[in-house]
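The structure under discussion appears below in the form of structure tokens.
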Amino acid sequence: MDVVTLIKDLITKTVVVAWLLFLLSWLIGWAIKGSPMPIGRARRIGQSLIEDAIWGAFWVAIGTSVFWLIIYVSAFLGNVYPAPPVPQIP
Amino acid sequence: MLALVTYYLSILTFYMGVLIYALPVPHSGLKRWGPRLISDAFYTMALLFSATIVVKFAEEILGALGGEWGAFLSYLKGVMMLRSGLAVVLGSARWLLARTGIGSGLATILSPLISATMASLYAIIVMYALALLVRGGLWTLITLGTTLIAVPFRIARKAGAYLIAFALVFHVGLPLYPYFTALLLVPSRLATSFQNAVYGNIVNEFGERIHGGFLGLELDDDKYVGPIPVDSGTFIIPYGDEVAKMRITIVYDVCGRRFATNVTRLSLSEICGKAGGMCRVTVEVKELLDYSNGIAIYSNPKPQHASAMISGQDVNVELQSAESLYMYLLIPNAYRVEALFIDNLAVEDIDELYNGSWRWYDVGGSTYVIPIQPGTHTVRVRLSTTGLASEPDESHAYEALQNLISYNLFDIQGFIEEALRVFYVDLVSAVLYLSLLLTITTGLATLLGGSGKLRVTL
Numbered sequence: 050m051d052v053v054t055l056i057k058d059l060i061t062k063t064v065v066v067a068w069l070l071f072l073l074s075w076l077i078g079w080a081i082k083g084s085p086m087p088i089g090r091a092r093r094i095g096q097s098l099i100e101d102a103i104w105g106a107f108w109v110a111i112g113t114s115v116f117w118l119i120i121y122v123s124a125f126l127g128n129v130y131p132a133p134p135v136p137q138i139p
Numbered sequence: 119m120l121a122l123v124t125y126y127l128s129i130l131t132f133y134m135g136v137l138i139y140a141l142p143v144p145h146s147g148l149k150r151w152g153p154r155l156i157s158d159a160f161y162t163m164a165l166l167f168s169a170t171i172v173v174k175f176a177e178e179i180l181g182a183l184g185g186e187w188g189a190f191l192s193y194l195k196g197v198m199m200l201r202s203g204l205a206v207v208l209g210s211a212r213w214l215l216a217r218t219g220i221g222s223g224l225a226t227i228l229s230p231l232i233s234a235t236m237a238s239l240y241a242i243i244v245m246y247a248l249a250l251l252v253r254g255g256l257w258t259l260i261t262l263g264t265t266l267i268a269v270p271f272r273i274a275r276k277a278g279a280y281l282i283a284f285a286l287v288f289h290v291g292l293p294l295y296p297y298f299t300a301l302l303l304v305p306s307r308l309a310t311s312f313q314n315a316v317y318g319n320i321v322n323e324f325g326e327r328i329h330g331g332f333l334g335l336e337l338d339d340d341k342y343v344g345p346i347p348v349d350s351g352t353f354i355i356p357y358g359d360e361v362a363k364m365r366i367t368i369v370y371d372v373c374g375r376r377f378a379t380n381v382t383r384l385s386l387s388e389i390c391g392k393a394g395g396m397c398r399v400t401v402e403v404k405e406l407l408d409y410s411n412g413i414a415i416y417s418n419p420k421p422q423h424a425s426a427m428i429s430g431q432d433v434n435v436e437l438q439s440a441e442s443l444y445m446y447l448l449i450p451n452a453y454r455v456e457a458l459f460i461d462n463l464a465v466e467d468i469d470e471l472y473n474g475s476w477r478w479y480d481v482g483g484s485t486y487v488i489p490i491q492p493g494t495h496t497v498r499v500r501l502s503t504t505g506l507a508s509e510p511d512e513s514h515a516y517e518a519l520q521n522l523i524s525y526n527l528f529d530i531q532g533f534i535e536e537a538l539r540v541f542y543v544d545l546v547s548a549v550l551y552l553s554l555l556l557t558i559t560t561g562l563a564t565l566l567g568g569s570g571k572l573r574v575t576l
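Protein sequence lines correspond, in order, to chains X and V. With the numbering used here applied, the first sequence covers 50 to 139. With the numbering used here applied, the second sequence covers 119 to 576.
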């Protein structure tokens, strides 16, 4: 059970860090994209940062739903598992 | 417990993938892990939940191919019995031959035969160990494999996939091993003759095991094959096709008396419940109470309860019966009766109980009859050894076994050839089959643990 508690703890910490990082990289991405740099490639890095950040946010939001769906389907197959942890931002 | 760990690990993997997506790092090697981790998480969870379906599917395939775990395990046990019995027979034959001057040449020919038997026995034991592992640990292996796949960053993915593939392939593949061996063996009369054997334990009418003694076979054509030694309470009688068609009677041949058993004038298919193959039979000897080292005790009629113990130089019998009966002690000349106690009262004149002498191959002995009144009584006999043999010489057993085997084959050369082929094929087929299964395992492992199939965009 200690391993399980450890992993659950890690999940919560990971989600908290992920939310914060999402915000951070979105900001940095816009900063780079909007900076008055003549180098186009640098600006594209900013663009990719923004995109990845948005994807990340999307998956965080969707993740719980997908897990819930999988568990719902598996309940029909006879597997009973506890509900997936829904970690919130502090 | 492992399943729970896997479940939470896959959720953790998902959120780690999300975390990597959120890192303010340009799209590079590390960033590519993001979508990979997310798809891995879905894959792991799907695997965790579909494990039961996959195993049920595998068992369906096994049933369709005609394999069955119970039958496979008894086949293995039977073959182990047959091989070890044969090794014992060959070993004693070699020792016997080495004693005589001329036969020692033949003894050296028997040596490689014995090594081949032991090698094939070892191969079968390995198969048996694998069978037990897969049978008992199927679910443990699969759950452990899934847990390893669930470890983030695909660290243990290949290992976990290999474990799952191993468990599944061997669960389906191992029971099909007898069919594989049959494919390799060219079917011939001599080959099948070695696959048939009857083995089992000897018990008395009270269900207690008798640990020694000899069996005899009375065959249809009035031929008597015996004495076949019973080793540590287990006997093994290989038989050929001719014997399979006959009606046989098994008798317990000790101390000059052939005790009837529950196998009287039965054909082997009636005894075994099927024609041919290895089968286990419990032979129940009538009237006998115990036998050990040449001493036999029997009673007529049967008491309600009896327990006998023969140890070294003491015989202890406890009887309980509702009617008066006679207890017979068959003592070979290897022992001398020093004292006899009935209900702890010493019998003065032991010669009064003497009821004749008998001859059992090359062992002579005497019979003592003790009348027992109704009720519970104990009989104690104290013996001393005289130094003579208490059981027939091994040459008689060897002759009997040779007679038995001579029912199966044309000549000694054909026998050696056939035996070598059977043992060689046994060893080779075991190795071949295991490598076959392992190759299939690798293939399935690549399928399970290869690069992800669910490709999430970006």
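C-beta atoms are modelled at their ideal positions from N, C-alpha and C, and glycine is treated no differently. Note that the coordinates shown come from a computational prediction; the quantities given were computed from them, not determined experimentally.
Name, please, each residue of chain X whose Cβ falls closer than 8 Å to the Cβ of residue i.
i	result
V/A164	I119
V/F160	V115, I119
V/P144	I94, S97, L98
Is residue i helix, strand or coil by DSSP?
i	result
V/G221	coil
V/L566	helix
V/P270	helix
V/A159	helix
V/Y551	helix
V/P450	strand
X/D58	helix
V/T382	coil
V/D432	strand
V/T504	coil
V/H145	coil
V/M199	helix
V/A440	coil
V/S350	coil
V/D461	coil
V/D371	strand
V/F528	In this prediction, V/F528 has a pLDDT of 45, which is less than 50 and means its spatial position is unreliable; what the coordinates show is noted afterwards. DSSP places V/F528 in coil when its eight states are reduced to three.
V/G400	Correcting the residue identity first, residue 400 of chain V is Thr in this sequence and not Gly. Here V/T400 sits in coil by DSSP.
V/Y516	helix
X/S84	coil
V/G412	coil
V/F324	coil
Could you work out which residues of chain X lie near residue i, taking near to mean beta carbons separated by less than 9 Å?
i	result
V/V123	V52, V53, I56
V/K174	Neighbours of V/K174 on chain X: none; closest Cβ ~10 Å, over 9 Å.
Output, in chain order, the set of chain V residues within a Cβ distance shorter than 8 Å of residue i.
i	result
X/I60	Y126, I129, L130, Y133
Going along chain V in order, which residues have a C-beta closer than 7 Å to the C-beta of residue i?
i	result
X/F71	A140
X/S114	Within chain V, no residue comes near X/S114; the closest Cβ sits about 12 Å away, beyond 7 Å.
X/S74	A140, L141, P142
X/S123	F167
Less than 7 Å between C-beta atoms, sequence neighbours within five positions excluded: which residues of the same chain meet that for residue i?
i	result
V/N319	R327, G351, T352, T400
V/R454	L501, S502, T504
V/V123	T265
V/S202	L239
With a threshold of 6 Å on Cβ separation, who are the neighbours of residue i within its own chain once the five nearest residues in sequence on each side are excluded?
i	result
V/V366	Note that residue 366 of chain V is Ile in the sequence shown here, rather than Val. Around V/I366: L335, L337.
V/R383	R365, T367
V/S306	Unreliable positioning characterises V/S306 in this predicted model, as indicated by a pLDDT of 46, which lies under 50. A coordinate reading is not provided.
V/I460	V497
V/P356	A315
V/G291	L555
V/P419	L443
Taking 7 Å as the cut-off, is the beta-carbon of residue i closer than that to any non-hydrogen atom of the ligand ZN?
i	result
V/S410	Ligands displayed in this structure: none; no statement on the ligand ZN is therefore possible.
With a cut-off of 8 Å on the beta carbons, I'd call residue i and residue j a contact; round off their distance for me.
i	j	result
V/I449	V/S484	6 Å
V/S229	V/F541	Rounded, the Cβ-Cβ distance is 13 Å, inconsistent with contact.
V/F175	V/L555	The Cβ separation is near 18 Å, so there is no contact.
V/L458	V/S417	Not confirmed; about 16 Å, so no contact.
V/A140	X/G105	4 Å
V/A518	V/V343	5 Å
Quick one: list the residues of chain V neighbouring residue i, beta-carbon separation under 9 Å, in chain order.
i	result
X/G105	G135, V136, L137, I138, Y139, A140, L141, G152
X/I77	P142
Just reading off the alpha helix (DSSP H) that residue i is part of, what are its end residues?
i	result
V/T124	120-140
V/L294	Looking at the DSSP string, V/L294 is not in any alpha helix (DSSP H), and its letter there is neither H nor E.
V/G334	Per DSSP, V/G334 belongs to no alpha helix (DSSP H); it is in the beta strand (DSSP E), 332-336.
X/S97	89-125
Check the Cβ of residue i against every Cβ in chain X and list those closer than 7 Å, keeping chain order.
i	result
V/H329	Simply none; closest approach about 50 Å.
V/K149	D101
Closer than 7 Å by beta-carbon distance: list the chain A residues that pair up with residue i, in chain order.
i	result
V/I156	Looking at the structure shown, chain A is missing, and the protein chains on hand are X and V.
Ignore the nearest five residues each way along the sequence and tell me which others in residue i's own chain have a CB closer than 8 Å to its CB.
i	result
V/A216	S222, A225
X/V66	none
V/F132	L155, I156, A159, F160
V/I179	V290
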